[in-house]
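Report on the structure given below.
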Amino acid sequence: MAQSDMSTPLLDPDVQAEQLSVLGPSEQRGASVVCILGSGDFSRSLSSRLLACGCRVLVGSRDPGRLQPGLFPEGAELRTQREALQALVDSGGTLVFLAVYPEHYPSLLGLKPQLSGLTVVDVSNASSLKEKGPSNAETLARMLPSCSVVKGFNVLSAWTLLTGAHDGSRQVLVCGDCPSAKSSVLSLARRLGFSGVDVGGLCASRAVEEAPLQLFPSWKAPLLTTGLLFVFFYLYSAIKYILLPYLDRFENNLHHLALVTVNKALPAAALVVLALVYMPGLFAAVLQLYRGTKYKRFPDWLDHWMCVRKQLGLLSFLCAALHAVYSVCLSIRRASGYMILNAAYRQVQAGVADSWVEAQVWRSDLYLSSGILGLGVLSVLALTSLPSVGQALNWREFTFVQSGLGYMALALSVAHVLFFGWDFAVHPEAYQYYLPPVLVLSLAPPCCVLVGRLLLLLPCCSIRLDKIRRGWESERHRRTEKRRENGDTFGDV
Ligand code: NAP
79 MAQSDMSTPL LDPDVQAEQL SVLGPSEQRG ASVVCILGSG DFSRSLSSRL
129 LACGCRVLVG SRDPGRLQPG LFPEGAELRT QREALQALVD SGGTLVFLAV
179 YPEHYPSLLG LKPQLSGLTV VDVSNASSLK EKGPSNAETL ARMLPSCSVV
229 KGFNVLSAWT LLTGAHDGSR QVLVCGDCPS AKSSVLSLAR RLGFSGVDVG
279 GLCASRAVEE APLQLFPSWK APLLTTGLLF VFFYLYSAIK YILLPYLDRF
329 ENNLHHLALV TVNKALPAAA LVVLALVYMP GLFAAVLQLY RGTKYKRFPD
379 WLDHWMCVRK QLGLLSFLCA ALHAVYSVCL SIRRASGYMI LNAAYRQVQA
429 GVADSWVEAQ VWRSDLYLSS GILGLGVLSV LALTSLPSVG QALNWREFTF
479 VQSGLGYMAL ALSVAHVLFF GWDFAVHPEA YQYYLPPVLV LSLAPPCCVL
529 VGRLLLLLPC CSIRLDKIRR GWESERHRRT EKRRENGDTF GDV
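Numbering (this note's numbering), first residue to last: 79 to 571.
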């Protein structure tokens, strides 16, 4: 980081004054002096941010004389750790940030008397996701029992601290066992322009420490599922349309691997993944109908599946969008040019003047139109999954978009595939080598979902489901519960 960046205040004094004027007097007093132990990257960025927001900053280093001039922004007071803590106490401050690595915490034991009664903010991250035992913050709390340890600010990088969250949307997760210590850290986060989120007691600190290390945690299963489906359909198409014809009659279709086969696998994956978005909802409804209550947990696998529906929907949209781009490119390939020329030549040789086939014209117009509409509706779904757009909708609007339009996108996508394959999917040649066409395979899950949805719309199901979702419980469920209370688990659902 450039030193000039560190020394320049991020906000001009007028803006600082404006920011301070919106804070209550207690907030201004409580957070106006802050001590930071450690003089590394995090400490420098935090000092800049604190100074820009009008705080007094005391930096405690093991050896302040070693720090190069200009390393810290103007206004930061560089002292020994002991002196910095003493100055903090003398000026009525209570907040101490530990900007040192957890392995160096034992070196702070000598400061126990100075730290006593203060709020110590542990900003460390976990070193790996596989760590067992107490978190860094819990270890620190055991080391310093006379301090209030609060975990926080670790989700911010030194860079974010320096540049600040201008729209106030950057979240700072904070947890700790002492409510007043925690609230002063949350106030400081707000004052620095971040949005503080209380995530509970210190027992939540492991999750907070691991938060910056997570790599798309909620995307793993959806990405894996979509990837596997794509690979399956790609290999299936390559075997059926390239490998087997080559082995059978030396037909060389290898050039299909780069574009045509990808464009067969993409829509198939998009369709199946879109069906997977709506399938867990059907399972949940069937389970509720069967159990006769909504007050029973779904199995874990179903819970997890329901939680990744948004990611599955977005991945389905991605595959569908790529399929659209690939399809547009199909006609500009060199291979298409040759194919059209060859077909024209054959037609001339055969003496055919007009190759217009009315049914094929209708078929292509219908499948293109339903495909474009399906992609359009999917785009609306993808847009509403953005938090800023989703938050602007009320519950009914959101349900209409995600469920109503979602089923419409699924139905349009199924129609797109049906129009595309209405003739050749029923021909025996399409089932060469006893393998059904890819589109027939990919149609099975969405058709099951659509039929399931229609069945659930029948009054005998929908009326009962409605009642269950409003809290009604079936007689059978109540009898089962009674038996369970009496210690008889036989016949449990
Ligand atoms: P750093 O640049 O290496 O600074 C660590 C500081 O710890 C040093 O400047 C030094 O200060 C002190 N120190 C070094 N060795 C020590 C020892 N043996 N005993 C006691 N103190 C020692 O590290 P950093 O990037 O600022 O990170 C500090 C903490 O912030 C870590 O826990 C990290 O997980 C957390 N964090 C960092 C970032 C980031 O973006 N950098 C983001 C989130 C959280 P003195 O020599 O002045 O004592």
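C-beta: ideal position from N, C-alpha, C; glycine also.
Inset, instruction - Flag H334 as yes when its Cβ comes closer than 8 Å to any non-hydrogen atom of the ligand NAP, and as no otherwise. - result: no
Legend entry - Per DSSP, cross-strand counterpart(s) of F175: I114 and V199
Inset, instruction - Can you tell me the Cβ-Cβ gap for P189 and Q159, rounded? I've got them flagged as a contact below 8 Å. - result: Checking the displayed sequence, the identity of residue 189 turns out to be Leu instead of Pro. About 6 Å separates the two Cβ atoms, so the contact holds.
Inset, instruction - Name all residues in chain order for which at least one heavy atom of the ligand NAP lies closer than 5 Å to the residue's CB. - result: G116, S117, G118, D119, F120, S139, R140, A177, V178, Y179, H182, S185, V201, S202, N203, N232, S235 and A236
Legend entry - Separation of P465 from L239, as counted between CA atoms: 23 Å
Inset, instruction - Please report how far the alpha carbon of M517 lies from the alpha carbon of E216, in whole angstroms. - result: The sequence given here places Leu at residue 517; Met does not occur at that position. Going by the C-alpha atoms only, they are around 55 Å apart.
Legend entry - Proximity to L528 [Cα-Cα], best of E209, P358, L176 and G116: P358
Inset, instruction - Can you give me the Cβ contacts of F361 inside the same chain, cut-off strictly under 7 Å, excluding the 5 residues immediately before and after it? - result: L380
Legend entry - Residue range of the alpha helix (DSSP H) that includes E436: E436 to T462
Legend entry - Backbone CA spacing between R608 and L488 [nearest angstrom]: Look at the range of the chain in this structure, 79 to 571, and you will see that residue 608 is not part of it.
Legend entry - L291 vs N203 beta-carbon contact at 9 Å: yes
Inset, instruction - Classify E563 as buried or exposed, calling it buried when 16 or more other Cβ atoms lie within 10 Å of its own Cβ. - result: exposed
Inset, instruction - Quick one: grab the DSSP three-state call for C539. - result: helix
Inset, instruction - For C133, name the three-state secondary structure that DSSP assigns. - result: coil
Legend entry - Nearest neighbour of L214, chosen from Y179, K260 and S414 [CA to CA]: The question names Leu, but residue 214 is Asn in the sequence shown. Answer by Cα proximity: Y179.
Inset, instruction - Could you say if the stretch 496-515 and the stretch 458-474 meet the contact criterion of at least three C-beta pairs nearer than 8 Å? - result: no
Inset, instruction - Report the rounded CA-to-CA distance for K260 versus S296, giving the unit in angstroms. - result: 28 Å
Legend entry - E155 - containing beta strand (DSSP E), residue span: E155 to T158
Legend entry - Those runs of the alpha helix (DSSP H) which lie wholly inside the stretch 375-402 and span at least 4 residues: 378-385
Legend entry - Straight-line gap, W237 to L196 (C-alpha atoms, nearest Å): 27 Å
Inset, instruction - Given a cut-off of 9 Å, decide if V350 and P523 are closer than it, judged by their beta-carbon atoms. - result: yes
Inset, instruction - Closer than 7 Å by C-beta to S99: which residues in its own chain qualify, once you throw out the five before and the five after it? Chain order, please. - result: Legend: pLDDT at S99 = 41, less than 50; position of this residue unreliable, value from coordinates given subsequently. There are no such residues.
Legend entry - Member of L251, R424 and Y485 whose CA lies at the smallest distance from the CA of L354: Y485
Legend entry - Outcome for H505 when other beta-carbon atoms lying within 10 angstroms are tallied against a minimum of 16: exposed
Legend entry - Option nearest S442 by Cα separation, candidates A431, I410 and V495: V495
Legend entry - Element boundaries [alpha helix (DSSP H), containing G484]: G484 to G499
Legend entry - Pairwise C-alpha distance: L266 and L173: 10 Å
Inset, instruction - Could you say which of S126, F272 and G230 lies nearest to A289 if we only look at CA atoms? - result: G230
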